[in-house]
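According to my numbering, the residues represented by the sequence shown are 3 to 566, in order.
Just so you know, even glycine gets a beta-carbon here, dropped at the ideal spot from N, CA and C.
Only a predicted model underlies this, so the values are computations on that prediction, with no experimental measurement involved.
The structure appears below as structure tokens.
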Amino acid sequence: MLLIKTSFSCRRIAWLGVSALILFHGCKTYNRNWDWESEYSIFTSGLKVNQRNAKLFNNVGHALESQGKFREALSYFNKAVSVQRDDIGAHINVGRTYNHLKMFKEAEEAYLRAKSLLPKAKPGESYQARIAPNHLNVFLNLANLIAKNETRLEEADLLYRQAISMRADYTQAYINRGDILLKLNRTKEAQEVYERALFYDSNNPDIYYNLGVVFLEQGKASQALVYLAKALEFGPDHEQALLNSAILLQELGRVELRKIAKEGLLKLLQKDASNERVYFNLGMLAMDDHDIHGAERWFRLAVQLKDDFRSALFNLALLLADDHRPLEAAPFLNQLVRYHPDHIKGLILLGDIYINNIKDLDAAENCYRRILQLDPENVQGLHNLCVVHVERGNLEKAEICLRKAFKLAPKEEYITRHLKIVQQRLAKLETSTKSVTVVEDAFKQPEEPNSTPHEKSKYFEENQIINENGGQKETEYLNKEKTISSSKKIPGMQNTESIERSATLHGINGEVNNKMRHPYYSDETGKVTDGPSKAMSSNQKNHGEGVEGEQTLLPRSADEESLS
């Protein structure tokens, strides 16, 4: 009986022990499940166990970095460096995070520390075999950082060459070096570098795209188009190749090619409906097809996505002005000069609308004076300022202004003609003023000391009648002259022969030179004269102006790889 009781007690104790063990491990498993909620929780749980593992600190930093928490990530990367000071990957991570935080000086110092830890070459030993591929990223990251300063491009080039010497098939270093050579205007060397990269990676669409950029820099559009097509063959969704090939096809001016360009741009829209440059180039294609309403719609969408989009704002305003809707164009021009106060063509068009449509001469004068502040020898801006003086009836100022314009551009026929018109008006006004003086002297009442009061009165009355008649005739003459000189009709900028274009080829957002009409004013007969279309003079042309914040289609740089 005692044996049975003892056996029962042992069994009970065993069951209690097993139950407690299951409960304990069940609780641990439950808590452990929370550790697997995210990468961050997994690696932080590891740090609770081991505080001397640099890789764990790096991994926690990567998890925070992927969430955009760069300052928190930086503290973990720095901790990894303090735990293991010869960890090259940790130093690279510190430099990359400083770069994200725009702390470029600190980033460069971190990269230099990482570079100093790389093993030194030994005689007779292959250097590239002794260095981890990921550690080579320090050369790319440091070179990319240095290349932000255009005065240090040669330093960046040296770093890329060092990386290539350590690993001959390092294609990303070739790509980035080619970009630097393009910036240094060494296009032939850039071409050779990209062709060398193709030897190691013949299926890389980025390399073909960059070769297309090189040929564009050399002015060889047909060869560029071939390489862009090759880039699309290996990467059908290569956004930069799609956009630039569409621009090139559009520039060729053939209807069938414009259809292909439009298909490519619409394909880009399916991938990314927030790319304002795609909408802009669709607008340019619509303009080439004379689809005014379609172009307006695309330009408006581009401006909605990027309210400081320089080329879209100007072309939309120009389109509306040419479509006889200047009052709709004015707000876009004001928006343009607010974001880009140095846009001379926009200021000229805005001033023209102020004169012709809004009738605000003060605002027009401000536009033209702003142009002359930017470019004191801008003939078009100076001439239009002269027009403002004419509109105000200040012919003396207008003559001085036109004389100055004539000195700047003596071969411009319209300036010579308008100067003669103003001088003729001034001469007529001077003649009419002299006539008034002569009439007053001729009919001035003389002193008649010996005449009787009745005779004086009679003489005065006769002279008064004659004076009144003479004055009436003279007044009619002056009014006629005033009518001629105060005609206010000034034809504005008519249909332009070409409109501003923007092409993002190798990071350049260019504008094609516009041929604009000058505002003209009425001649002696009061009849409006519309002169021939005048091309802007060489000092007025805009050559490839860059737009801050817009996509720059440069050769792709290597992404900075993080090490776990």
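If we call anything under 7 Å between Cβ atoms a contact, is tyrosine 42 one with alanine 65?
Their beta carbons are under 7 Å apart, which means tyrosine 42 touches alanine 65 by this criterion.
Considering Cα atoms alone, identify which of Asp309, Arg299, Ala304, Lys264 is closest to leucine 287.
Ranking the options by Cα distance to leucine 287, first place goes to Lys264.
Report back the beta-carbon spacing between alanine 248 and leucine 267 to the nearest angstrom; my notes put them in contact at under 8 Å.
The Cβ separation is near 5 Å, so the contact holds.
Which residues mark the beginning and the end of the alpha helix (DSSP H) in which glutamate 298 is found?
Counting along the chain, the alpha helix (DSSP H) containing glutamate 298 begins and ends at 294 to 307.
Determine the extent of the alpha helix (DSSP H) in which alanine 223 is found, giving its start and end residues.
Unbroken alpha helix (DSSP H) run through alanine 223: 223 to 236.
Using the three-state DSSP reduction, which class does alanine 275 fall into: helix, strand or coil?
Of the three classes helix, strand and coil, the one that applies to alanine 275 here is coil, per DSSP.
Look at the Cβ atom of leucine 234, then the Cβ atom of alanine 243, and state whether they are nearer than 7 Å.
Against a cut-off of 7 Å, the Cβ pair of alanine 243 and leucine 234 comes out as a contact.
In three-state DSSP terms, what is alanine 567?
Nothing about residue 567 can be read from this structure; the chain reaches only from 3 to 566.
Give the secondary structure of asparagine 336 by DSSP, where H, G and I count as helix, E and B as strand, and everything else as coil.
Three-state DSSP puts asparagine 336 in a helix.
Taking 7 Å as the threshold (C-beta atoms), are phenylalanine 334 and leucine 352 in contact?
Contact flag unset, no.
So aspartate 325 is in the alpha helix (DSSP H); what residue range does that whole segment cover?
Per DSSP, aspartate 325 belongs to no alpha helix (DSSP H) and is neither H nor E.
Identify, in the order they occur along the chain, each residue of the same chain with its Cβ nearer than 6 Å to the Cβ of valine 390, setting aside the five sequence neighbours on each side.
Hits under 6 Å: Leu363, Ala366, Glu367.
Buried or exposed: where does asparagine 277 fall if 16 or more other Cβ atoms within 10 Å of its Cβ makes it buried?
Classification of asparagine 277: buried, given that the 10 Å Cβ count is 16 or more.
Give the DSSP-derived three-state secondary structure of glycine 255 in the structure shown.
Glycine 255: coil per DSSP, three-state reduction.
Short check: CB of tyrosine 176 to CB of alanine 165, under 7 Å?
Cβ atoms of tyrosine 176 and alanine 165: not closer than 7 Å.
Starting from histidine 137 and walking both ways along the alpha helix (DSSP H), at which residues does that stretch end?
Histidine 137 -> no alpha helix (DSSP H), and no H or E assigned at all.
I think glutamate 401 touches valine 424, with their Cβ atoms under 8 Å apart; what is that distance to the nearest whole Å?
Indeed they touch by this definition, with Cβ atoms about 5 Å apart.
Going by other Cβ atoms of all chains shown within 10 Å of its Cβ, with 16 needed for buried, is threonine 189 buried or exposed?
With 16 or more Cβ atoms within 10 Å of its Cβ, threonine 189 is classed as buried.
Just to confirm before moving on: does the CB-CB distance between arginine 179 and tyrosine 202 stay below 7 Å?
No, the pair does not count as a contact, with Cβ atoms beyond the cut-off.
Is it right to say phenylalanine 26 is buried, meaning 16 or more other beta carbons lie within 10 angstroms of its own, or is it exposed?
Exposed.
Near isoleucine 635, which residues of its chain fall below 7 Å by C-beta distance, leaving aside the five closest residues on each side in sequence?
The first residue shown for the chain is 3 and the last is 566, placing residue 635 beyond what the model contains.
Using a Cβ-Cβ cut-off of 8 Å (strictly less than) and excluding sequence neighbours within five positions of leucine 230, which residues of its own chain qualify?
Here the set comprises Tyr210, Tyr211, Gly214, Ala243, Asn246, Ser247, Leu250.
According to DSSP, is lysine 536 helix, strand or coil?
Residue placement at lysine 536 is flagged as unreliable, the pLDDT there being 28, under the threshold of 50; a coordinate-derived value is accordingly withheld.
Leaving aside the five residues before and after valine 280 along the sequence, list all residues of the same chain whose C-beta is less than 6 Å from its C-beta, in chain order.
Closer than 6 Å at Cβ, skipping near neighbours: Leu267, Leu270, Leu271.
Decide if proline 343 is buried, meaning its Cβ has at least 16 other Cβ atoms within 10 Å, or exposed.
Exposed.
Can you determine whether any heavy atom of the ligand PLP sits closer than 6 Å to the C-beta of aspartate 344, and answer yes or no?
As presented, the structure is devoid of all ligands, the ligand PLP included, so that no description of it is given.
Considering only the beta carbon of each residue, do glycine 97 and phenylalanine 79 sit closer than 7 Å?
No, the pair does not count as a contact, with Cβ atoms beyond the cut-off.
For alanine 134, count neighbouring Cβ atoms within 10 angstroms of its own Cβ and tell me buried if that reaches 16, exposed if not.
Label assigned to alanine 134: exposed.
Fully enclosed by the stretch 361 to 390, which alpha helix (DSSP H) runs are 4 residues long or longer?
The qualifying runs are 363 to 376.
Does the CB of cysteine 388 have a neighbour CB from chain C at under 7 Å?
Going by chain labels, chain C is absent from the structure shown, which holds only one protein chain.
Taking buried to mean at least 16 other C-beta atoms within 10 Å of its own C-beta, is isoleucine 373 buried or exposed?
So isoleucine 373 counts as buried.
Looking at the structure shown, is leucine 213 part of a helix, part of a strand, or coil, going by DSSP?
Looking at leucine 213 - three-state DSSP - the assignment turns out to be helix.
What are the start and end residues of the alpha helix (DSSP H) that includes leucine 76?
Start and end: 72 to 85.
Looking at histidine 102: is its Cβ nearer than 7 Å to the Cβ of phenylalanine 141?
Against a cut-off of 7 Å, the Cβ pair of phenylalanine 141 and histidine 102 comes out as no contact.
Which residue comes first and which comes last in the alpha helix (DSSP H) that contains threonine 173?
That run of the alpha helix (DSSP H) goes 173 to 185.
Take the Cβ of histidine 240 as the centre, count every other Cβ of all protein chains shown within 10 Å, and call the residue buried at 16 or more, exposed below.
Burial call: buried.
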